[in-house]
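Its first residue numbered 87, the sequence shown is counted upward by one per residue in this note's numbering.
Here the structure comes first, spelled out in structure tokens, and everything after it is commentary.
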Amino acid sequence: YIPDVGFDELQEYYNSAMEVIDFEQVGSVAGSVGGFLFGTGSGVLGVFSSILSSLLGAVDVLLQFIVFVGALFYFMESDDSVVCMAVKIVPVSKRQQEFLSSTIQQNIIQVFVTSILLSFSHGFATLVYFSVFDLDFAYSSAFIVGAMALFPLTSAWLIYAPTLLIAYLNGNEYVLYIAIGLFLLEQAVSFIDEKIYQLIPGSSPYLTGIGLAVGVSTYGVQGVLIGPMLIV
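Listed below in structure tokens is the structure:
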């Protein structure tokens with residue numbers, strides 16, 4: 087059934103709709119929604135894009151490090167490794183060449199294990215402490231503090247201080263006690279650091295930190311191992 091509607095009646099319906107619906111307002115709302123969804127700066131898709139790119143960047147760095155470490159240990163253990171080839175050109179006896187090759191390989195392993203232990207101890211301690219006291223940004227703070235542990239010239243208080251300030255502004259009554267606890271935590275972790283650095287005899291934490299900084303700035307992720315090896 088098709089209703090018999092004339093042109094005049096359609097015109098009246100159209101005029102009535104135009105009076106009821108404010109199309110300018112509808113357009114403004116649609117523009118706002120579109121800008122919120124698709125805006126490059128603060129839109130939802132822009133935020134998700136930023137988060138996704140950050141995650142992909144972190145995964146890329148992690149994969150680079152894993153591939154580099156795997157290749158390093160593979161070539162180090164093979165008969166035609168770079169270490170063995172470099173040692174063979176040293177004008178010393180065969181026995182001394184073998185001792186030198188073994189020492190270099192041992193230093194490489196020690197630097198790798200030391201870096202992992204330092205990062206893990208600081209990051210894990212921060213994560214547990216922040217979680218116990220329900221502080222904000224526990225995981226991100228633990229990750230950053232763990233990375234900063236590789237550079238003794240920096241201080242974890244660059245992360246702790248803003249967190250304490252946020253807790254104070256949120257009305258946390260135990261900020262002072264939390265700060266004292268963080269200080270004691272740093273003292274305990276520094277004692278663990280000394281034990282970890284003893285894995286590399288004759289090494290200095292500050293020289294190792296400088297080696298890490300120079301290595302990362304020069305070689306990227308691979309500099310985590312290359313920098314300290316140039317010193318030890």
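Heads up, the beta-carbon is just placed ideally off N, CA and C, and yes, glycines get one too.
These figures come from a predicted structure and were not determined experimentally.
Asked: Cβ-based burial, residue 214 [other Cβ within 10 Å; buried from 16]; Found: exposed
Asked: Reduced DSSP category for residue 285 - H, G, I as helix; E, B as strand; rest coil; Found: coil
Asked: Where residue 271 falls: helix, strand or coil (DSSP); Found: helix
Asked: Anticipated Cβ contact below 8 Å, residue 319 with residue 231, distance rounded; Found: Residue 319 cannot be examined here, being either before or after the span of the chain that is shown, 87 to 318.
Asked: Below-9 Å beta-carbon distance, residue 179 vs any chain B residue; Found: Given the protein chain composition of this structure (a single chain), no chain B is represented.
Asked: Of the residues 282, 204, 184 and 196, the one placed nearest residue 242, counting alpha carbons only; Found: 204
Asked: Pairwise C-alpha distance: residue 257 and residue 284; Found: 43 Å
Asked: Selection from 221, 189, 235 and 260 that minimises the alpha carbon distance to residue 202; Found: 235
Asked: Given residue 268 as reference, the closest of 181, 281 and 249 once Cα atoms are compared; Found: 249
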